[in-house]
Amino acid sequence: MSDLPAVRFEQIRAFLNVFVDYAGFFLLKESTRRNAKTYKGYMAIFICMSTKAIHLEVVTDLSTSAFLAALDRFVARRGLAAKIYSDNGTNFVGAARHLKEVYQLLRQSHDEISDYLGQREIRWYFNPPNAPNFSGLVERGVQSVKHHIKRVIGEQSLTYELFATFCCRCESIINSKPLCGLPSSDPHDGNDYLTPAHFLVGSTLLSVPEEDLTSQPMNRLNRWQLIRQAVQSFWRRWSNEYLHTLMPRSKWNTESRELKLGEVVFVQSTVNQMQPLRWPIGRVEQLIAGRDGIVRVAEIRVANGVLLTRPLNKLVPLPYPHTE
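Offset between the sequence shown (1-based) and our numbering: plus 118.
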């Protein structure tokens, strides 16, 4: 197996090397009127190759000017990128018609976009055809975002303002995901972990507490409550999927890695009870062994200071920087 690309582990600022992809289409309304006209909208997804941070931009069409405007907004808020990576487009050919339109945008407008990038010293690299493994981790993250946003929005038609707000909330959720646990001098600190947001704002992201609307009928909610409901649904879907990617998958007849005192873990049984951006994370304070000497239960100190007792199969350890 060859080494990872250098852009994956370079110690550089966030969004200096990015991968861009399109998602859509989504139906957008011209106004809030019941019989307002609808049009196709798309989402440009920029993902940092080093920190896994993500940036979402709403575009109203597949024209060159719309993409360049989205790129301008991205650069204005995240800084100038040095390298941009994207698919070469052959994977779009066998997909749906709207993805073919994205392929045509990147191919037919190549000269104009290249001139724009050249003036800003941005280099654009296309992956070889039929080679999704060239950016496998990034592709998996992009597909996860596309999948859950499409499932949450469904056939709803939102105004540009509402859809842009929804995308920003989803962006903050993804950038709040714990990447790894960090050692802490405070044994009661259960929130010492690294996220993509640390590379953007220097700390973890938080949200204003809000009422749980996931079980409320849609016809009883106003427009902004509908967006909050969609955000909460996205949070539960996406956080559960991310949690499953971290779960160890060992056979029942083999011993899995034992937890250590002070290790940061997810408390799996409480993930659906948490509000967006509030991850159910704690630190191991005590390991409880059975009569056979095998540890199957642990005591976890969570962020609010409460001590929980949970079986190990309900705990998912976060990777530590020094572990393989």
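Beta carbons: idealized from backbone N, C-alpha and C, even for Gly.
Among all the DSSP beta bridges, which residues are the ones paired with residue 173? Position 55 of the sequence shown, counted from the first residue, corresponds to residue 173. In DSSP, residue 173 forms a bridge with 164.
Ordered along the chain, which non-local residues of its own chain (more than five positions away) have a Cβ less than 7 Å from that of residue 361? On the sequence shown, residue 361 is found 243 positions in, with the first residue counted as 1. Excluding residues within five positions, the ones whose Cβ falls inside 7 Å are 384, 386, 389 and 434.
Please say whether residue 288 and residue 349 have beta carbons closer to each other than 8 Å? Looking up residue 349 in the sequence shown gives position 231. Looking up residue 288 in the sequence shown gives position 170. Against a cut-off of 8 Å, the Cβ pair of residue 288 and residue 349 comes out as a contact.
Between residue 172 and residue 293, which are expected to be in contact by the criterion C-beta below 8 Å, what is the C-beta distance as a whole number of angstroms? The residue given as residue 172 occupies position 54 in the sequence shown. The residue given as residue 293 occupies position 175 in the sequence shown. Confirmed, Cβ separation roughly 6 Å.
For the candidate residues 295, 330, 379 and 317, whose alpha-carbon lies nearest to that of residue 398? The residue you call residue 398 lines up with position 280 of the sequence shown. Here the closest residue by C-alpha is 295.
Could you check if residue 168 is buried or exposed, using at least 16 other CB atoms within 10 Å of its CB as the buried criterion? Taking the first residue of the sequence shown as position 1, residue 168 is located at position 50. Answer is buried; the Cβ neighbour count reaches 16.
Which residue wins for smallest C-alpha separation from residue 270, given the options 199, 240, 344 and 134? As a position in the sequence shown, residue 270 is number 152, starting the count at 1. The candidate whose alpha carbon is nearest that of residue 270 is 344.
Residue closest to residue 193, alpha-carbon to alpha-carbon, out of 170, 181, 178 and 165: As a position in the sequence shown, residue 193 is number 75, starting the count at 1. Considering only alpha carbons, the answer is 165.
With respect to the beta strand (DSSP E) encompassing residue 384, which residues constitute its N-terminal and C-terminal limits? In the sequence shown, counting from the first residue as 1, residue 384 sits at position 266. Residues 382 to 385.
Among 395, 301 and 352, whose alpha-carbon lies nearest the alpha-carbon of residue 379? The residue labelled residue 379 in the question sits at position 261 within the sequence shown. Measuring from the Cα of residue 379, the nearest candidate turns out to be 301.
Taking just the CA atoms, how far does residue 174 sit from residue 161? Mapped onto the sequence shown, residue 161 falls at position 43. Mapped onto the sequence shown, residue 174 falls at position 56. Those two C-alpha atoms are separated by around 7 Å.
Just grab the DSSP bridge partners of residue 332 for me. In the sequence shown, residue 332 corresponds to position 214, counting from 1. Paired residues: none, contrary to the question.
Just reading off the beta strand (DSSP E) that residue 145 is part of, what are its end residues? Sequence index remark: in the sequence shown, residue 145 carries index 27 (1-based). Its beta strand (DSSP E) spans residues 135 to 147.
Once you ignore the five residues that flank residue 282 on each side, which residues in its own chain have a CB closer than 7 Å to its CB? Sequence index remark: in the sequence shown, residue 282 carries index 164 (1-based). So the list reads 176, once near-sequence residues are dropped.
Which residues does DSSP list as the beta-bridge partners of residue 402? Residue 402 sits at position 284 when you count from the first residue of the sequence shown. Answer by DSSP bridge pairing, in chain order: 418.
Relative to the C-alpha of residue 136, which residue among 205, 346, 153 and 146 is closest? On the sequence shown, residue 136 is found 18 positions in, with the first residue counted as 1. Checked all of 205, 346, 153 and 146; the closest Cα to residue 136 is 205.
What three-state label does DSSP hand residue 184 in the structure shown? As a first step, residue 184 must be located in the sequence shown, where it is residue number 66. In the structure shown, residue 184 sits in a helix (DSSP, three-state: H, G or I).
Span separating the alpha-carbon of residue 416 from that of residue 318: Residue numbering aside, residue 416 sits at position 298 when the sequence shown is read from its first letter. Residue numbering aside, residue 318 sits at position 200 when the sequence shown is read from its first letter. Using only the alpha carbons, I get a separation of about 34 Å.
Taking only three categories from DSSP, how would you classify residue 122? The residue given as residue 122 occupies position 4 in the sequence shown. If DSSP states are grouped into helix, strand and coil, residue 122 belongs with coil.
Just reading off the alpha helix (DSSP H) that residue 434 is part of, what are its end residues? One-based indexing of the sequence shown puts residue 434 at position 316. Careful: residue 434 lies outside any alpha helix (DSSP H), inside the beta strand (DSSP E) at 433 to 435.
With DSSP as the reference, label residue 159 as helix, strand or coil. By 1-based counting over the sequence shown, the position of residue 159 is 41. Strand, per DSSP.
With a cut-off of 8 Å on the beta carbons, I'd call residue 310 and residue 382 a contact; round off their distance for me. As a working note, residue 310 is residue 192 in the sequence shown. As a working note, residue 382 is residue 264 in the sequence shown. 7 Å between Cβ atoms; contact.
Residue of 197, 401 and 181 minimising C-alpha distance to residue 130: For the purposes of this step, residue 130 is taken as the residue at position 12 of the sequence shown. For residue 130, the nearest C-alpha among the options comes from 197.
For residue 297 and residue 243, what's the separation of their Cα atoms in angstroms? Within the sequence shown, residue 297 is the residue found at index 179, counting from 1. Within the sequence shown, residue 243 is the residue found at index 125, counting from 1. Whole-angstrom Cα-Cα distance: 27 Å.
List the DSSP bridge partners of residue 298. Reading the sequence shown from its first residue, position 180 is the one you call residue 298. Paired residue(s): 312.
Run through the DSSP bridge pairs and tell me what residue 203 is partnered with. Reading the sequence shown from its first residue, position 85 is the one you call residue 203. Residue 203 pairs with 137 and 243.
So what's residue 283 in DSSP terms, helix, strand or just coil? Here residue 283 corresponds to residue number 165 of the sequence shown, with the count starting at 1. Three-state result, residue 283: helix.
Run through the DSSP bridge pairs and tell me what residue 407 is partnered with. Position 289 of the sequence shown, counting from 1, holds the residue named residue 407. In the DSSP output, where bridge partners are listed per residue, residue 407 has 413.
Helix, strand or coil for residue 354? Go by DSSP, reduced to three states. Counted from its first residue, the sequence shown places residue 354 at position 236. Here residue 354 sits in helix by DSSP.
Give me the DSSP bridge partner(s) of residue 428. Residue mapping note: residue 428 aligns to position 310 of the sequence shown, counting from 1. Residue 428 pairs with 416.
Please return the same chain residues whose Cβ sits closer than 6 Å to the Cβ of residue 115, not counting the five positions on each side in sequence. This structure cannot settle anything about residue 115, because the visible part of the chain is limited to 119 through 442.
Looking only at its own chain, which residues have a Cβ that is under 7 Å from the Cβ of residue 143, when we skip the five neighbours before and after it? Counting from 1 along the sequence shown, the entry for residue 143 is found at position 25. Only 158, 159, 160 and 216 meet the Cβ criterion.
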